[in-house]
Amino acid sequence: MSKNAINVFAAVIQQNGKLLLCQRALDKRYGGLWEFPGGKLEPGETFFQAAKRELAEELNVDVLSLGIHYLSVEDPGSNFVISFWETKIAGTLKPNEHNNIAWVPLQDLLSYDLAVNDRIFCQHYQKNWRSEMAFINNVEYRRAELHDTYGGQRQGGISTPAKFPFIFIFTAKSGEEYGYLDRFQSDRTYWYTGEGQIGNQQMIRGNRAIRDSEQNDETIHLFEYVRTGIVRYVGELIYTGHHQSDAPDVNGDLRKVIVFELKKSDL
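Following our numbering from start to finish, the sequence shown increments by one per residue and tops out at 268.
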């Protein structure tokens, strides 16, 4: 980094799994492109002080705190060094200097026409998603919002988002009448019944995704229904094996089901 570097603050503001992007005015450098809001530090300012000043000017909001310092990027066309910070705000957004603002789902970030440094950050953010944005044990989520954020199948017990290295598995008490006896065993292994409601279950689609999760570098996340549309996060699980069992299908006919043997990742 040059000793003449000029520090620039960039706010990474999250709401319901979406990030705030702002479209630069056409008469500015990178005019019309999308960016994370912020600006240059004045002499003697801290990043927090700059954040409060810049976001008050640009968006009419108050900065409550700065969290994770995600990344610093040296701008290729200037002495600017842009530092991206997790930012908590309060107030109603009002764009005073930008053409537009948007709350963008994580999987759609790179579909926007981003300024060069903001694109570098978004690529980093998606690559390091697992360590930066973890689900919280025992917290309730709306299933629809999980899919709005990550994608994946909105129905059924196994959901495989295409753009994120996650496998979501969902369990509910109501599945027991169809032979879905999902539960922790005495050795703390979690048995999870595969997908397929009629006939013998096959090692395809979601079932194959669970089996091959480790080699595909994907993590399995278990959610339990607590009421209609609302699921509680149980934790991250690791595939350790599977076996077959006899259980009725939705028509009451006996068939073979796949029972996955999973263990908590923190054990």
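Each residue gets a CB set at the ideal place from its N, CA and C atoms; glycine is no exception.
Counting C-beta atoms within 10 angstroms of its own C-beta, H244 has fewer than 16 neighbours from the protein chains shown and is therefore classed as exposed.
When the alpha-carbon of L42 is set against those of K53, Q186, G33, L34, the nearest one is in K53. For R228, the enclosing beta strand (DSSP E) has its first and last residue at 220 to 228. Rounded to the nearest whole angstrom, the CA to CA distance from F261 to I231 is 24 Å. For G92, same chain residues with a beta-carbon under 6 Å away, outside a window of 5 residues either side, are V62, D63 in chain order. Just measuring C-alpha positions, the residue of D247, L263, D254 sitting nearest G236 is L263. Taking 9 Å as the cut-off, the Cβ atoms of T241 and A210 do not count as close. With the rule of 3 Cβ pairs closer than 8 Å, the region 136 to 147 does not count as touching the region 181 to 199. CA-to-CA, the gap between T172 and L223 works out to about 8 Å.
The DSSP assignment places 141 to 143, 167 to 172 as complete runs of the beta strand (DSSP E) inside the region 126 to 176, in order along the chain (cut-off: 3 residues). E58 carries a helical assignment under DSSP once its states are collapsed to helix, strand and coil.
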